[in-house]
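Working notes, beginning with the structure itself.
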Amino acid sequence: MGLSDLSASELLDQLQSGAVSSREVTQACLAAITVQDTAVHAFLHVDAADALQQAAAIDERRVRGESLGLLAGLPVALKDVLCQQGQPATCASKMLSGFIPPYDAHVVTKLKQADAVLLGRTNMDEFAMGSSSENSAFGVTRNPWDLSRIPGGSSSGSAAAVAARMTPVSLGSDTGGSIRQPAGLCGIVGMKPTYGRISRYGLIAYASSLDQIGPFGTDVRSVATVLEAISGHDPRDSTSVNQPVPEYSKSVDQPLTGLKIGIVPEHFSAGLDTEIAAAVKSAIDVYRSLGAEVREVALPHAKYCIATYYLIACSEASSNLSRYDGIHYGHRATSFKNLNEMYAASRGEGFGAEVKRRIMLGTYALSTGYYDQYYVKALKVRRLIRQDFDAAFQQVDVIAGPVTPTAAFAIGEKANDPLAMYLSDIYTISANLAGLPAISLPCGFTTGGLPIGLQLQGRPFDEDRVLRAARMYEATTDWHTRRPNG
Amino acid sequence: MSYDVIIGLEVHVQLQTQTKIFCGCSTAFNPDQPNVQTCPVCLGLPGALPVLNRHAMRLAVKTALGLGCQIAKFTKWDRKQYFYPDLPKGYQISQYDLPFSFDGHVDVDTGSGEPRRVRILRAHLEEDAGKNVHDESGRGRDSQVDLNRAGTPLVEIVTQPDLRTAAEARTFLQAMHSLLTFLEVSDCNMQEGSLRCDANVNLHVHQPDGSKVATPIVEVKNINSFRFTEQAILHEVDRQWELFQKTGKTIKDAPKTTRGFDPDRGVTTPMREKEEAADYRYFPDPDLVPVTFTDADIEAIRSEMCETPVSRRARFLGEYQLSAYDADVILDQGRAVADYFETVAKGSGDPKQAANWVTQDVLRELKERRLTLDAFSINADVLMSLLKRVSDKQLTIKSAREVFLLLLEQAEEHAPSTVRIDAIIAEKGLALVQDTGAMETAIAAVLARNAKAVADFKSGKQAAVGALIGQVMKELKGADAAVVREKIIAALS
Amino acid sequence: MALPLDTVKKVAGLARLQLTDTEIEMFSQQLGGILDYVAMLDELDTSAVEPMVHAIELTNVLRDDVLAPSLPRADALQNAPKQDGRYFLVPAILEG
Chain A
1 MGLSDLSASE LLDQLQSGAV SSREVTQACL AAITVQDTAV HAFLHVDAAD
51 ALQQAAAIDE RRVRGESLGL LAGLPVALKD VLCQQGQPAT CASKMLSGFI
101 PPYDAHVVTK LKQADAVLLG RTNMDEFAMG SSSENSAFGV TRNPWDLSRI
151 PGGSSSGSAA AVAARMTPVS LGSDTGGSIR QPAGLCGIVG MKPTYGRISR
201 YGLIAYASSL DQIGPFGTDV RSVATVLEAI SGHDPRDSTS VNQPVPEYSK
251 SVDQPLTGLK IGIVPEHFSA GLDTEIAAAV KSAIDVYRSL GAEVREVALP
301 HAKYCIATYY LIACSEASSN LSRYDGIHYG HRATSFKNLN EMYAASRGEG
351 FGAEVKRRIM LGTYALSTGY YDQYYVKALK VRRLIRQDFD AAFQQVDVIA
401 GPVTPTAAFA IGEKANDPLA MYLSDIYTIS ANLAGLPAIS LPCGFTTGGL
451 PIGLQLQGRP FDEDRVLRAA RMYEATTDWH TRRPNG
Chain B
1001 MSYDVIIGLE VHVQLQTQTK IFCGCSTAFN PDQPNVQTCP VCLGLPGALP
1051 VLNRHAMRLA VKTALGLGCQ IAKFTKWDRK QYFYPDLPKG YQISQYDLPF
1101 SFDGHVDVDT GSGEPRRVRI LRAHLEEDAG KNVHDESGRG RDSQVDLNRA
1151 GTPLVEIVTQ PDLRTAAEAR TFLQAMHSLL TFLEVSDCNM QEGSLRCDAN
1201 VNLHVHQPDG SKVATPIVEV KNINSFRFTE QAILHEVDRQ WELFQKTGKT
1251 IKDAPKTTRG FDPDRGVTTP MREKEEAADY RYFPDPDLVP VTFTDADIEA
1301 IRSEMCETPV SRRARFLGEY QLSAYDADVI LDQGRAVADY FETVAKGSGD
1351 PKQAANWVTQ DVLRELKERR LTLDAFSINA DVLMSLLKRV SDKQLTIKSA
1401 REVFLLLLEQ AEEHAPSTVR IDAIIAEKGL ALVQDTGAME TAIAAVLARN
1451 AKAVADFKSG KQAAVGALIG QVMKELKGAD AAVVREKIIA ALS
Chain C
2001 MALPLDTVKK VAGLARLQLT DTEIEMFSQQ LGGILDYVAM LDELDTSAVE
2051 PMVHAIELTN VLRDDVLAPS LPRADALQNA PKQDGRYFLV PAILEG
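In structure tokens:
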């Protein structure tokens, strides 16, 4: 059995016992990248020498008997939206081609403190806008389960790299489902924690009030361990919440008794693929067999979540992306007559179509005469959506349902229909609007062999319960042990 | 036809914090070393996030309380969006619909007895932009951008259009300067741009039928001195009046325009109009959270504030009976000099004397020695002791001046102190003689030596006493001339 | 309903985005479609609902006024498309 067959939590056990060295694990990852990434294209940048050097340093410290961090020696891949000092951070955009941040994101600092090995930077939809990787300026990432299909997005490379066992774990960001949707489509585990649980400092912003960083892994335990390592209050992020971080890695294996699971009837209505509906329903049956109580809950405003999301996210994005003006960093056009033309040409050349589309929508929604009609209206509906969840969580502990309406679609299938693409986020978006923690984990396969994901959403700051509920299911099933080409 | 001048000001005040409003970079004025006071936050680098400076918020509230403003219980930050090279994020973090304070006023002395009440519409807290340095050669070379100043905390104070003359606008700004330096919320250094203003000016022209017609509003931007403010408004008034007579255009015919002031030529000049109408697309900054204030919070800040110069001036005139002139001279020097004066006035028991000494002797010495008050060797307690000896009739004013100068002269070897005052008085024999025995002995001796003068006096030549007083004073070295005179006359009658 | 081309151009101007004619035409259609879709929010009476700006609603997050190290100038300028070692450089800003 090769190293790449092991989950992160298994690797950490072996690293700690000395059965393997970090250098060996890192080399195995680099070898897997060499073999597989030509086809998958999960990575935008791998600094092999730097990764091996980090690994060797940790091995040395282990030999010396120094106390090491929670992730000591474990390779971690980073979505190209997270700043790491001295490494490129492009957000898969021509705009940031060549940009090298002079500082570390908070999560990068946390990973370094946990003695993780920073392996490389993964492909994504440009500026985290998209659900397929087709918006990357540097080429599409392919789904390891079927190379003609998309891996989901926007954290496409982070999901595909874990699914293809090129890295045991990775970090992504989730604004409307950008961790959970690719995790579901790639047959791995991905979690978006509560808004404010992980500092956004150093996460290149798409939509500030919705963006959250989260981990990918091949099993729930691995995700729990990485989450524990990167969570916690950061005084540099005003929206970071000062709440104690439970030891998820220790509690994740404790089953929950008296678990109350909510299901939303509308989730299973029109638009949901029948194979996915069946897989999710049988997952809920597994919970019943484990003693959980399952009851229906209502989320009456759920159907408004996509409209609400696109207005809020695009409004914030139009502002967040104003800083890319070709002056202090980023792409500058070479041909212009004056300053104003320089702005417009640089931004016109630097951004791809989807980014421009969202900037246009957001600029329109914030402009004089439309602000109340679109932006403020969406903020009000956002509160109604949050209130639906507050009421539902009076009755149940977690809400279970599908991650995506369909399994991975073919590359190019929805490229020219933005609204159809947006609708693929229908089940994931509401957790961002409400700020809730939510996880995606494997719960089956289509007859065509494509992974199906199960989503569990929980109360704010109740990651512990969400992880334990996920692990309860995982422990009685073997979907997470399947791998592409295996 | 005649017209009224209508002026409203927007005053920008940099707060004197150590660090910028949203990051830990220094706010020091440092134009010679561009781009050394920046970090990911104030460079607007991707991923960086702002966190509000507590001290900036506190100083802003003090400013607003000094302006008699209400403090909002709930306030938030908004993004004002526009593109400019000195604005690295493409938006300025400012406050739009819920500023932290509103509804204040400042009374401005118009010199005509009745003060002008200038209402304050609002005051809000925001970040300053960086600085663009333009190529002056006219060859169209690149402009340079320095972001040292980007993110300096700024309070913008917006008045109602209540000012009526250029001189009033200048006086208003001077009152703001005095208030803000007194409250120690800003150094108000106008050369360094710590206090700048935009003036909105137009005319209400009286029509023969008694109605009034308003000319289009012009905003003169970024004026950085009292004098320029006055000059810019004066020029703008003349220009608008001429234009109105020529074109008759009113506020209904033309939108508000912006102009700059050229101090070399003393004229306002048009600024480039933006290509499309400004649409700042304000919306709440999702990276920052709201700030709330309780009554207790506001009272705590109020309680640590010093008295405003306006109320202090009233007290100087009433409590200490100072002339308006002396009160203004003292208050114009700032809070430290006013505090110094008050210590001396209270302790010496003679406020008028204290005012004379502070406005003349102390300020003269400070000026000659190019010192600020905190570096002046005679502190308020020492001057108070000195003047106390005058009011207790232990020392003449003339002798006190001599002591004052000696204290300064010898300050290097002996720090001025009450002990030093007494040592100098003793050394120089300057003490006023209180011992009537010694005085009577001296008088008897002088009368005995000056039979002619005594006879002259007795025969009615009152003037003869003068010479006698002089001799007694000389013998005693320190005596109150009035007492000596009294005693001589008593002895001769 | 397509968004009028003039509106698309005006919004692109505000956003400082140079668009090709093809893009203007495409965005006119696509943005129009999205706006038709989001009009569903008008079904809801939200007159009594407070807007929700933040996912988790905090207040009073402030930092102390304490100096932190700034970046060396070279690091501040390192990603600039044009700089002279001291300043960021931009095409002449016309002021008059």
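In order, the protein sequences belong to chains A, B and C. So for the first sequence, the numbering used here puts the first residue at 1; every next one is plus one. So for the second sequence, the numbering used here puts the first residue at 1001; every next one is plus one. So for the third sequence, the numbering used here puts the first residue at 2001; every next one is plus one. Every residue, glycine too, gets a C-beta built ideally from N, C-alpha and C.
Using a Cβ-Cβ cut-off of 7 Å, Asp1078/B does not count as an interface residue toward chain A, since no Cβ of chain A sits closer than that to its own. Rounded to the nearest whole angstrom, the C-alpha separation of Ala279/A and Pro2004/C is 45 Å.
Following the DSSP letters along the chain, one finds Pro215/A inside the beta strand (DSSP E) bounded by residues 212-217. Look at the region 286-343 of chain A and you find these whole runs of beta strand (DSSP E), each 3 residues long or longer: 293-296. Among the residues of the region 196-229 of chain A, those with a Cβ less than 8 Å away from any Cβ of chain C are Gly196, Ser209, Leu210, in the order of the chain. In terms of beta-carbon proximity, Asn2079/C lines the interface with chain A, with at least one pair separated by less than 7 Å. Using a Cβ-Cβ cut-off of 9 Å, Thr239/A is close to Leu1049, Pro1286, Asp1287, Leu1288, Val1289 of chain B, given in chain order.
About 16 Å separates the CB atoms of Thr90/A and Leu118/A; that is not less than 8 Å, and the two are not in contact. For Glu1127/B, the uninterrupted beta strand (DSSP E) run begins and ends at 1116-1127, by DSSP.
Of the residues assessed, Asn338/A falls on the exposed side of the cut-off, its CB having fewer than 16 other CB atoms within 10 angstroms. Gln1095/B and Glu1126/B have their C-alpha atoms spaced approximately 7 Å apart. If you check the CB distance, Ala163/A and Thr141/A do not come in under 7 Å. In the DSSP assignment, Gly172/A falls outside any alpha helix (DSSP H) and within the unbroken beta strand (DSSP E) covering 169-174. No Cβ-Cβ contact shorter than 7 Å links Gly401/A with Tyr195/A. The Cβ atoms of Gln1174/B and Phe1226/B lie closer than 7 Å to each other.
The criterion of a C-beta distance shorter than 7 Å is not satisfied by Gly1130/B and Leu1154/B. The criterion of a C-beta distance shorter than 7 Å is not satisfied by Arg200/A and Thr428/A. Closer than 7 Å to the CB of Ile2093/C there is at least one CB belonging to chain A.
With its beta carbon less than 7 Å from one in chain A, Phe1283/B belongs to the interface.
Taking 8 Å as the upper bound on Cβ-Cβ separation, chain B lies near residues Pro101, Pro102, Tyr103, Ala105 of the region 101-114 of chain A. Residue range 1101-1108 is occupied by the beta strand (DSSP E) that includes Phe1102/B. Annotation for Thr34/A: the continuous alpha helix (DSSP H) segment containing it runs 22-40. Annotation note: the region 1315-1384 of chain B contains the following uninterrupted alpha helix (DSSP H) runs of length 4 or greater, listed N- to C-terminal: 1324-1332, 1335-1348, 1351-1356, 1363-1369.
The beta carbon of Asp1332/B sits closer than 8 Å to the beta carbons of Ser1178 from its chain, once the five residues preceding and following it are set aside; these are given in chain order.
With a 10 Å radius around the Cβ and a threshold of 16 neighbouring Cβ atoms, Leu203/A comes out buried. With a threshold of 16 other beta carbon atoms within 10 Å, Ile306/A meets it and is buried. For the set Lys1458/B, Ser1459/B, Lys1461/B, Val1454/B, the Cα lying nearest the Cα of Gln1471/B is the one of Val1454/B. In the structure shown, Gly157/A falls within a helical segment according to DSSP collapsed to helix, strand and coil. Between Ala1327/B and Arg1315/B, the CB-CB gap reaches or exceeds 7 Å. Contact annotation for Gly2033/C against chain A: Leu419 [CB-CB distance below 7 Å, chain order].
Under the Cβ distance rule, Gly435/A counts among the residues neighbouring chain C, one pair being separated by less than 7 Å.
In the displayed model, Leu1203/B falls within a strand according to three-state DSSP. By the rule that beta-carbons nearer than 7 Å mark a contact, His328/A touches chain B.
At a cut-off of 7 Å between C-beta atoms, Ala2055/C does not count as an interface residue with respect to chain B.
Bounds of any beta strand (DSSP E) do not take in Gly352/A, whose DSSP letter is neither H nor E. Cβ neighbours of Pro442/A within its own chain (closer than 6 Å, five residues either side excluded): Gly187, Pro451, Trp479, His480.
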